[in-house]
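Student: Here our numbering is used: the first residue of the sequence shown is 153, the next is one more, and so on.
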Amino acid sequence: MCHIKIKKKAMRKFVLFYLISFSTIICFSQNMELDLSKGKDLSNKKEYNSALYYFNSVIEKDSNYLEAYIERAHAYNMLGDYNKALQDYNYVLTKEPDCSTCYFGIATIYDTWFDDKYRAIENYTKVIDLSIKNKDYDYAGTGYFMRAALKQKLGDKKGYLNDLKKGAELNNDICKTLLEFEKNID
């Protein structure tokens, strides 16, 4: 009889511990999602310094939450802190090498902050290749447009038109419009 009471008591403790642990994990996860959402909302409002607080909060709770690093990198980039942005993008790429979003961010940094069009083109090429591989044709079309714009700035008319054609084939509206404009000029 005594042995059964001990088992029941131990079982109750185990169940209680399990329920508390499970509830804590759910609350913890919901708090991270809420913090990420708040950070994104602030970032969309161009309140990047405030957004960083929430992205940092998520990363402190879970250092493997890659989306928080990507969002934080974007905020850093918009604040002109491109070294921290590159650091976050590169960290994500060590964990997820096929992250086209990171390559897109890196490309914009090389174009905007370093005025290195060639490195930007390399990264937009990765965006295009990965997006096509993942059947994300909208993102690939955007990559073609961005790469075309850089080629135009570099005076590569043939490359510019070729990228516009490829982007238009993927139904990118900007590429279609620019390609139509170029045809009307000739």
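By construction, the Cβ of each residue, glycine as well, lies at the ideal position given by its N, Cα and C atoms.
When DSSP labels each residue in this structure, what does residue 252 get in the three-state scheme?
Tutor: Correct three-state label for residue 252: helix.
Student: Pull up the distance between the alpha-carbon of residue 306 and that of residue 284, whole angstroms please.
Tutor: C-alpha separation (whole angstroms): 25 Å.
Student: With H, G and I counted as helix, E and B as strand and the rest as coil, what does DSSP make of residue 213?
Tutor: Reduced to three states, the DSSP call for residue 213 is helix.
Student: Using the Cα positions of residue 244 and residue 220, report the straight-line distance between them to the nearest angstrom.
Tutor: If I take the Cα positions, the gap works out to 10 Å.
Student: Taking DSSP as the reference, what is the three-state secondary structure of residue 175?
Tutor: Note on residue 175: pLDDT 46, under 50, position unreliable in the model; the coordinate value appears next. Residue state, collapsed to three classes: helix.
Student: Can you tell me where the alpha helix (DSSP H) with residue 333 in it begins and where it stops?
Tutor: Per DSSP, residue 333 belongs to the alpha helix (DSSP H) from 325–337.
Student: Nearest by alpha-carbon distance to residue 203: which of 215, 217, 188, 299 is it?
Tutor: Selected option, being the one with the closest Cα: 188.
Student: Given a threshold of 16 other Cβ atoms within 10 Å of its Cβ, counted over all protein chains shown, does residue 333 qualify as buried or as exposed?
Tutor: Result: exposed.
Student: Would you mind working out which of 236, 261, 230, 319 sits nearest residue 275, comparing C-alpha positions?
Tutor: Selected option, being the one with the closest Cα: 261.
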